[in-house]
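Everything on this sheet refers to the single structure shown next.
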Amino acid sequence: MIELHDVWRLYHMGEETINALAGVNLEISHGEFVSIVGPSGSGKSTLLHIIGGLDSPTRGSIVVDGRDLSKASDKELSSYRNKKVGFVFQTFNLQPTYNALENVALPLVFAKVPLGKRNQMAREALNTVGLSDRVRHKPGELSGGERQRVGMARALVNNPKILLADEPTGNLDSKSSERIMELLTRLNRERGLTLVLVTHDLARAKNANRMLQMHDGKLTESADFR
Amino acid sequence: MSFLDLLRTAFSNLRRRKLRSSLTILAIVIGAGLVSLLVSLGIGMQGFLTDQVRSVVRSDVVMVASNPDLFQLGLDGMGIGGKPQQISGNQSGGFNLEPLTTQEIQEVQALKHVERIDPFIILQADSVRLKDSQTRFRTDVTPQPEYDMELIKLVAGRKFADQTHGECIIANQYLDVFGFNSPNEALGQEVIIRVKQAVSLFGLPAQANEYSFIIVGVTEKTLTSTEIIVSLTDGEAMSRFWANTPDLYTEKIPPAILEVKVDGSQYTDQVAREVKSLGLSTVTATDMLGIIGTIFGIVKAILSAFGLIALAVASLSIVNTLIMSVYERTREIGVMKAVGASKGTIRILFTAEGAAIGLLGGAIGVAIAYLLGFAIDRIARATFLKDFQTIHVSVFPWWLIIGVIALTTVIATLAALYPAHRAARLDPIESLRYE
């Protein structure tokens, strides 16, 4: 269960103060698939970062499974990011010098999983995303869709409860996008992963159980859903 | 992150940027190599001089002089730019020697563990030549008690007793100037040693006398290359002429310096202490080695200072390299944080990279210095030191190897602290957006 109570996130840009989030209240249940749409700069990513423990609210609280992230230390937050959530990025954020297996295994390094176990788990995750034949390939040798699947395997490798995807298909052609979306929905359905998807593609957003709209840091349940 | 992964990651990150890592490591290599090579040469030199002292000064001998501060005359006594020093009591204002009294000699003789005492014979010879030649050479005539000769290593011939008359042992280096092809050729030859009276030192009219000696032994090569060893009996006779005092080394004019043989080197310090308590001054092999140790301590410190400067410069290069690396890897740091790396993990990761640079640089530097030292050693012994086969010009004790590697690792780790701090402080969201 993810609960946000009156979450504000302010940025100072010179003299100006920007309200990236302006009093967001939100509850997401276990296993839910929530999509967040809105124009760029509306605060979608900030919301995702706060849910993922990469950023902290200026005001308000975020509680995940009873734990208040806004009061957590850096160490607690990093452990939360490591074990509870998986991030999928628009730009994949793969390490170009690492091969697929090493990229996927990275979270396990910080989880202190021994090398042998790590490789086994990373292989399984690559298997899940259908890339068991690309284990030794470096990102440069993979197509865009394949790279994103490596990114997803990395997000999944530590068996998180929550998957946070920030425009995961933003850099992909429609065929690859289709495949990634299928994979995400399947993970949500079959594994019961809580999935939060940020996108500005309305068609994709409609795959979710619930669609939220973000505008100027404020969140509204979308009226024209379905 | 486990320690093993930390090492693995640190080294693989260095491998990823081969050229830059190599250059940074090279800077450390130069510093570490300089420090270890220079110190190893210092150690080699000190070892050589220590051996030389040991071969000349026995560890069971105490040199005794009347003047209580004869051997303590140092720079502080010269008062350069300072106030003129007051001379207290019986002290002397300059370097001088006074004869010991018969009573003092008897007191020393009576001390426990004193085996025998001999006068230290002071003598300056004018020159030496072969009997049938007029070509003269400089020489240091050193009359030695029989037991002292135990330390001398001969390449030919034999030694002699205290009462011997007219026999000598020559330093190896004379073979060449006298025109002998082998040490054995010199044996049985006659040399003439000329002694000019000491007053000639002050420009006063002086007589000269010639003494004839048969060469009975030739030493191996040492630093004392102009030494000619004669018996105490001959030495006393020459010294009396030199000083123009027939009573020297008799009860009328006892010697100024005594060579006191102790019946075991473990008693040397004890006897030296007891002699001092009689109001006399002493010098032992330990004292001389101590002086050599002090001098070389300073020499080594100065030499390693050069290397340390190189290391300081190298550490700046580490700071630079790692800051660049933090910039380049900003996005990577963001990803690492996103997948669960804490600030502490990022910090230790970059610190470990610095440490790895230091460790590698130190190890390679010491290894190169070791090889260079070995080469210098070989070259030196093949050329200008070819007669001193026991010398090791460059010596690498284990503490030098470990110490230098530890030093570079610590310096590099310290240099990495600031870049590591910057990396740890990076905002993950900003980092993920970084292009």
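Protein chains in written order, with my numbering: chain H, 1 to 226; chain B, 1001 to 1435. We treat Cβ as the ideally placed atom computed from N, Cα and C, and that holds for glycine.
Within-7 Å CB hit, residue i to chain B
i	result
H:Arg67	no
H:Arg189	no
H:Pro168	no
H:Leu135	Leu is not the amino acid found at residue 135 of chain H; the sequence shown has Val there. By this cut-off, H:Val135 is not an interface position.
H:Asn171	no
H:Thr194	no
H:Asn19	no
H:Gln148	no
H:Asn159	no
H:Gln95	yes
H:Gly84	Reading off the sequence, residue 84 of chain H comes out as Lys, not Gly. With 7 Å as the cut-off, H:Lys84 does not count as an interface residue toward chain B.
H:Lys71	no
H:Lys75	yes
H:Arg81	yes
H:Phe87	yes
H:Ser78	yes
is_contact[residue i, chain H] using C-beta, thresh 7 Å
i	result
B:Met1001	yes
B:Lys1343	yes
B:Glu1328	no
B:Ala1352	no
B:Asp1005	yes
B:Arg1020	no
B:Ile1333	no
B:Gly1340	yes
B:Arg1016	yes
B:Pro1428	yes
B:Leu1417	no
Nearest-angstrom beta carbon gap, residue j and residue i [assumed within contact, 8 Å]
i	j	result
H:Asn93	B:Val1335	5 Å
B:Arg1194	B:Ser1127	5 Å
H:Val150	H:Pro139	7 Å
B:Ala1285	B:Ile1228	Between B:Ile1228 and B:Ala1285 the Cβ distance is about 23 Å, and since that is not below 8 Å, they are no contact.
H:Ser45	H:Asp166	6 Å
B:Ser1212	B:Glu1190	6 Å
B:Leu1232	B:Pro1143	5 Å
B:Lys1221	B:Gln1173	7 Å
B:Leu1187	B:Gly1157	5 Å
H:Arg205	H:Val37	The sequence shown places Ala at residue 205 of chain H, rather than the Arg named in the question. With 8 Å as the limit, H:Ala205 and H:Val37 qualify as a contact, their Cβ atoms being about 5 Å apart.
B:Ser1431	B:Thr1345	With 8 Å as the limit, B:Ser1431 and B:Thr1345 do not qualify as a contact, their Cβ atoms being about 14 Å apart.
B:Thr1102	B:Glu1251	6 Å
Close-in-space but distant-in-sequence residues of the same chain around residue i (CB under 8 Å, 5 per side omitted)
i	result
B:Ala1355	Ala1010, Thr1409, Ala1412, Thr1413 and Ala1416
H:Asp68	Ser61 and Ile62
H:His30	Met1, Lys161, Gly192 and Thr194
B:Glu1236	Pro1119, Ile1121, Pro1143, Leu1248 and Tyr1249
Contacting residues, own chain, Cβ-Cβ under 7 Å from residue i (five flanking each side not counted)
i	result
B:Gly1307	Gly1031, Leu1034, Val1035 and Leu1038
B:Asp1248	According to the sequence shown, residue 1248 of chain B is Leu rather than Asp. Here the set comprises Ser1239 and Arg1240.
H:Leu48	Leu164, Asp166, Val196 and Val198
B:Ile1253	Pro1099, Thr1245 and Asp1247
B:Val974	Outside the displayed span of chain B (1001 to 1435) sits residue 974 of chain B, for which this structure offers no information.
B:Arg1058	Asp1148, Leu1151 and Ala1285
B:Phe1388	Lys1221
H:Leu239	Lying before the first or after the last residue shown, residue 239 of chain H is absent from chain H, which here runs from 1 to 226.
Cβ neighbours of residue i in the same chain (closer than 6 Å, five flanking residues each side left out)
i	result
B:Phe1048	Ile1391
H:Arg81	Gly53
H:Val24	Leu4, Val7 and Leu219
H:Arg59	Trp8
B:Arg1116	Lys1261
B:Leu1223	Gln1052
Every unbroken alpha helix (DSSP H) inside the stretch 1327-1387 of chain B [4 residues or more]
1330-1338 and 1343-1382
So if I threshold CB-CB distances at 7 Å, which residues from the stretch 99-117 of chain H count as touching chain B?
Leu106, Pro107, Val109, Phe110, Ala111 and Lys112
Please list, in chain order, the residues of the stretch 45-66 of chain H that have any C-beta partner in chain B closer than 7 Å.
His49, Leu54 and Asp55
Extract the residue ranges of the alpha helix (DSSP H) inside the stretch 160-218 of chain H, only unbroken runs of 4 or more that lie entirely within it.
Entirely contained in the stretch 160-218 of chain H, the alpha helix (DSSP H) runs reaching 4 residues are, in chain order, 174-191 and 202-205.
Suppose only complete runs of 3+ residues qualify. What are the beta strand (DSSP E) ranges in the stretch 39-84 of chain H, listed by chain order?
Listed in chain order, the beta strand (DSSP E) runs fully inside the stretch 39-84 of chain H are 59-64, counting runs of at least 3 residues.
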